[in-house]
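**Q**
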Amino acid sequence: MADGNITKDAMYGAVAPDDFESMLELDRYGQRSTAFDKIISATHDHFWDPLDPKYIDFSEPFDVANEPLMPEDQVPLFRLPYVNETLKDPAQRVAFINHMQLRNFSSILHGEQGALNLSASLCHVLKDQGAQEYAANQTREEARHVTAFARYVKARWGRPVECGAALKALLIEIIEAPEVYKKIVGMQMLVEGLAMGAFSHGYRYNRDPVARKLFQLVMTDEAFHHKFGKIWADRTIPHLTEAERNLVEDWTAHCAQKLFFDRGAPNQMAEMFTPFGLDPERVTADIIERRRQRDPNRKITSETNIFRVLIKTLLKAGLITQRTRGFYAMYVDLEELAGEGDRMVGDDIAEDGIRYLQEINFKDGARRGVSIAAE
Amino acid sequence: MADGNITKDVIYDAVAPDDFESMLELDRYNARSTAFDKIISATHDHFWDPLDPKYIDFSEPFDMENEMILPEEMVISLQTPYVQERLPTRKDKVRFVNRFALRTFSSILHGEQGALNLSASLCHVLKDQGAQEYAANQTREEARHVTAFAKYIKARWGRPVECGPTLKALLVEIIHSPEVYKKIIGMQMLVEGLAMGAFATIYNQTADPLARKLTQLVMTDEAFHHKFGKIWADRTIPHLTEKEHEVIELWAAQCFQTLLFNLVGPTQQRSLYEEFGLDPERVIEDLKELITDDTRRENMKEQTNIFRVLVKTLVNAGIITERTRAFYAMYVDIDELKGEGDKMVGDEIAEEGIKFLQEINFKDRAKNVLIAAE
């Protein structure tokens, strides 16, 4: 087993990425865990194909030049007086909103590409054959997400924009890391959790029916990926030594910092302001000032808020203790989150999506129940 | 691009295995090739699940004590006078043949595990997003093959036997190799080609209906994997320089020799002979007399002979030239192979299998089936 994986359940046992020989151990095949069998078998139910217009038709038009993809009240930058007053022209406001969406969709696209490579890298390290089959399945699903988001970006804007430096650095870090816990916490719990939040938000507010359909279809897969991380946490966290728990918790906070704050930091957005006649430094200063003036006790309460969804995942998984509680408590009311159920915000959307896919995949045939439950 | 990949078509462009940053290049997404789209979309048609008895039921019994999984003729060592003499009863022979079959199925299982890791490694190096999606799809299919063969072995014998050192060394080499041509020739063309031949042979000759169903289901996937290698060859071989062709041709011959030795090298079955209290040296000596180049060539004339399928793949791909022709000609009539069509020996079995899967997957909606991938 590779050093430092911090696995407490055989099904997450791992080997070094270049240790193929361990995969040929004879008892490995017979010891296959059944923990992921339901997720693996469910893949046929929620199959979809971004290359087939029967599932999603990327040729459906949307007037990106004149219609905002998101309502203005979902663009927090318009709450800054400087931005609101500078961008007076309605056409300019639409262009600004839609450019932000291009950046958003590009981040998702690059994140999906990272998820593809990460899942493929899990195939090399996860020793349990059931876990490995699960990872192979996820690899395949991430690949169709890359295809789908690439097609959407192409249809609406022609070309994506660069991956932000903070996200890129995190993706490289977790893909190259040999330690399983870094991969699972970083990708399955945080990036996938962030994605579920972003997709839920997009599904609810995006005005483009193709974007909404896309979010829903992707969520039919992602809901299961996120479960994989949850199962890992359930079977690992309670058995950690204090030193191990600290290590995992610190890694979690490190990833959260990168994803929440470095990625969303004003300096990461600076280059998008200039083309709209906005002074990046002024916008940055206004954002900081606004945050300073905000009631320090004000917390994120919107159920689909991306960060709230993410922090809830970590809290439920036991990855937040007193050591890092203060860090997260700046943004959400942890007591309130602890009192909420286990159900993820996107689960309802994903289940509706699976029903839609069953209609297409098994016309006249299946009328089975739908459940994201994986265990 | 990683050095030495020898790719001549943009769809097989590759990067180093640790170069994730290249995957984020902006124009890469839109430059996606459509060459593999049909194969990718077809996956839903031939979906199957070894965990679901609706597709295949591993609890179906087989009388291992009295019935041979494979025909006696396939076990050449059983034809030597020494082994015949030492295993006089029908039950002895059944046990010997079935332990031989365990080795065959274990090799397949380990090969499928290699294919899973190899396909995952292709995801890290193939830069074209369509090719990468294809590789991701293959990874998923190989994983179900590992599950399926592991379940079959568990049902019939309880546990597999060790992977032979020759096959293991080849698998390790192609999985860790950063060069795309080594991966594609080694796995997609040769190991997958060998698998198609082996599955076709088992499908046609096994007495176990479960093994027959299993090999057919796996072939519904493998036929497409083999096509990926064929598309690579079609788009690469005609554009090679003399030097590059030599590198590829010699690599193919090296892989072929390794696989041939692994499967039929008399020393590879040493553990089987020992298990039955036979003197391995004596069996190997007897086998040398029995297996001459003439008998080997004669055996290969049989259409599903595993290595004949393999040589045909290499001939049709244009990989074999005068440089290595004599090596292969020891085993097959190359001119005869050239005169045959492109259709692979297992394609018909796979197409029948896909019809069976469509019946299950899309009751009342069975469509026409075609393995053609381009």
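Protein chains in written order, with this note's numbering: chain R, -3 to 371; chain H, 781 to 1154.
Even glycine gets a Cβ: it sits at the ideal position worked out from N, Cα and C.
List the endpoints of the continuous alpha helix (DSSP H) containing Asn100(R).
**A** Asn100(R) -> alpha helix (DSSP H) spans 86 to 121.
**Q** Does DSSP classify Ala165(R) as helix, strand or coil?
**A** Here Ala165(R) sits in helix by DSSP.
**Q** Taking all protein chains shown into account, do 16 or more other C-beta atoms lie within 10 angstroms of the C-beta of Leu1030(H), making it buried, or fewer, making it exposed?
**A** When all chains shown are included, Leu1030(H) counts as exposed.
**Q** DSSP three-state call for Tyr352(R): helix, strand or coil?
**A** Three-state result, Tyr352(R): helix.
**Q** If distances are taken between C-alpha atoms only, which option among Glu63(R), Phe323(R), Met192(R), Asn357(R) comes closest to Asn94(R)?
**A** That would be Glu63(R), whose Cα lies nearest to the Cα of Asn94(R).
**Q** Excluding the five sequence neighbours on either side, which residues of its own chain have a C-beta within less than 6 angstroms of the C-beta of Phe54(R), listed in chain order?
**A** Excluding positions up to five away in sequence, the list reads Arg147, Ala151.
**Q** Kindly provide the ranges of any alpha helix (DSSP H) runs that are 4 or more residues long and lie completely inside the segment 941 to 1012 of chain H, ordered along the chain.
**A** Those alpha helix (DSSP H) runs which fall completely within the segment 941 to 1012 of chain H and span 4+ residues are 945 to 956, 960 to 963, 972 to 985.
**Q** Which residue's Cα is closest to the Cα of Val941(H): Gly1009(H), Ala980(H), Met854(H), Leu1052(H)?
**A** Nearest C-alpha to Val941(H): Leu1052(H).
**Q** Would the beta-carbon of Gly342(R) fall within 7 angstroms of that of Met192(R)?
**A** Yes, the Cβ-Cβ distance between Gly342(R) and Met192(R) is below 7 angstroms.
**Q** Using CA atoms only, rank isn't needed, just tell me which of Met844(H), Ile982(H), Gln893(H) is closest to Asp872(H).
**A** Comparing Cα-Cα distances from Asp872(H) to each of Met844(H), Ile982(H), Gln893(H), the minimum goes to Met844(H).
**Q** Do the CB positions of Asn917(H) and Thr814(H) come within less than 7 angstroms of each other?
**A** No, the Cβ-Cβ distance between Asn917(H) and Thr814(H) is not below 7 angstroms.
**Q** Is the Cβ-Cβ distance between Met848(H) and Val874(H) less than 7 angstroms?
**A** Cβ atoms of Met848(H) and Val874(H): closer than 7 angstroms.
**Q** How would you call His235(R), buried or exposed, if buried means at least 16 neighbouring beta carbons within 10 angstroms?
**A** Exposed, by the Cβ-count rule.
**Q** Using beta carbons (cut-off 7 angstroms, strictly below), is Asn897(H) in contact with chain R?
**A** Taking Cβ atoms only, chain R reaches closer than 7 angstroms to Asn897(H), which makes this a yes.
**Q** For the segment 136 to 147 of chain R and the segment 102 to 119 of chain R, state whether three or more C-beta atom pairs, one from each stretch, are separated by less than 8 angstroms.
**A** Yes, they touch.
**Q** Would you kindly work out how many angstroms separate the C-alpha atoms of Val244(R) and Gly894(H), rounded to a whole number?
**A** Taking the straight line joining both Cα atoms gives about 32 angstroms.
**Q** Quick one: what does DSSP say Leu906(H) is sitting in, helix, strand or coil?
**A** In this structure, Leu906(H) counts as strand in the three-state DSSP scheme.
**Q** Starting from the beta carbon of Cys251(R), find every residue of chain H whose beta carbon is closer than 8 angstroms, and list them in chain order.
**A** By Cβ distance, chain H contributes nothing, its closest Cβ being about 17 angstroms from Cys251(R), past 8 angstroms.
**Q** Kindly list the residues whose CB is nearer than 8 angstroms to the CB of Glu953(H), restricted to its own chain and excluding five residues on each side of it in sequence; keep chain order.
**A** Same-chain partners within the cutoff: Lys962, Gly966.
**Q** Could you round the C-beta distance between Leu333(R) and Lys308(R) to whole angstroms and report it? I think they count as a contact, below 8 angstroms.
**A** About 5 angstroms separates the two Cβ atoms, so the contact holds.
**Q** Is Phe1107(H) close to chain R, meaning its C-beta is less than 7 angstroms from at least one C-beta of that chain?
**A** No, Phe1107(H) does not count as interfacial toward chain R.
**Q** Out of curiosity, what's the CA-to-CA distance linking His40(R) and Glu172(R)?
**A** If you take the alpha carbons of His40(R) and Glu172(R), they lie about 30 angstroms apart.
**Q** Answer yes or no: does any C-beta atom of chain H fall closer than 7 angstroms to that of Asp182(R)?
**A** Rather than Asp, the amino acid found at residue 182(R) in this sequence is Gly. Output row for Gly182(R): interface = no.
**Q** Under 9 angstroms, CB to CB, which of the residues in the segment 864 to 878 of chain H have a partner in chain R?
**A** Against chain R - using a Cβ distance shorter than 9 angstroms - the segment 864 to 878 of chain H contributes no residues.
**Q** Please identify the residue among Arg1062(H), Leu882(H), Lys818(H) whose C-alpha is closest to the C-alpha of Tyr862(H).
**A** The shortest Cα separation from Tyr862(H) among Arg1062(H), Leu882(H), Lys818(H) belongs to Arg1062(H).
**Q** Using a cut-off of 9 angstroms between C-beta atoms, extract the partners of Lys150(R) located in chain H.
**A** Under the 9 angstroms cutoff, chain H gives Tyr809, Asn810.
**Q** Measuring only the C-alpha atoms, how far is Lys226(R) from Ile1129(H)?
**A** Roughly 41 angstroms separates the two Cα atoms.
**Q** Are Leu112(R) and Met183(R) closer than 7 angstroms when you measure CB to CB?
**A** Not closer than 7 angstroms, so no.
**Q** List the residues of chain R that Val834(H) touches, going by C-beta distances under 8 angstroms, in chain order.
**A** Checking the displayed sequence, the identity of residue 834(H) turns out to be Lys instead of Val. In chain order: nothing, as chain R lies at least about 10 angstroms away.
**Q** Tyr862(H) lies in the alpha helix (DSSP H); which residues open and close that run?
**A** Here the alpha helix (DSSP H) through Tyr862(H) covers 861 to 866.
**Q** Would Lys1092(H) be called buried (16 or more neighbouring beta carbons within 10 Å of its own) or exposed?
**A** It counts as buried.
**Q** Which same chain residues, not among the five before or five after Asp360(R), have their C-beta less than 8 angstroms away from its C-beta?
**A** Residue confidence for Asp360(R) is low, a pLDDT of 48 falling below 50, so the modelled location carries little weight and cannot support an answer.
**Q** Using the beta-carbon count (16 or more within 10 Å), is Ala313(R) buried or exposed?
**A** Classification of Ala313(R): buried, given that the 10 Å Cβ count is 16 or more.
**Q** What is the rounded straight-line gap between the Cα of Ala1153(H) and the Cα of Phe1004(H)?
**A** For Ala1153(H), the predicted model reports a pLDDT of 43, less than 50, meaning its position is unreliable; a value from the coordinates is still stated below. Spanning the two alpha carbons is a distance of roughly 7 angstroms.
**Q** Could you tell me the alpha carbon to alpha carbon distance between Ala930(H) and Leu906(H), rounded to whole angstroms?
**A** Ala930(H) and Leu906(H): Cα-Cα distance of roughly 29 angstroms.
**Q** Rounded to a whole number of angstroms, what is the C-alpha to C-alpha distance between Ile1099(H) and Asp829(H)?
**A** For Ile1099(H) and Asp829(H), the distance between alpha carbons rounds to 36 angstroms.
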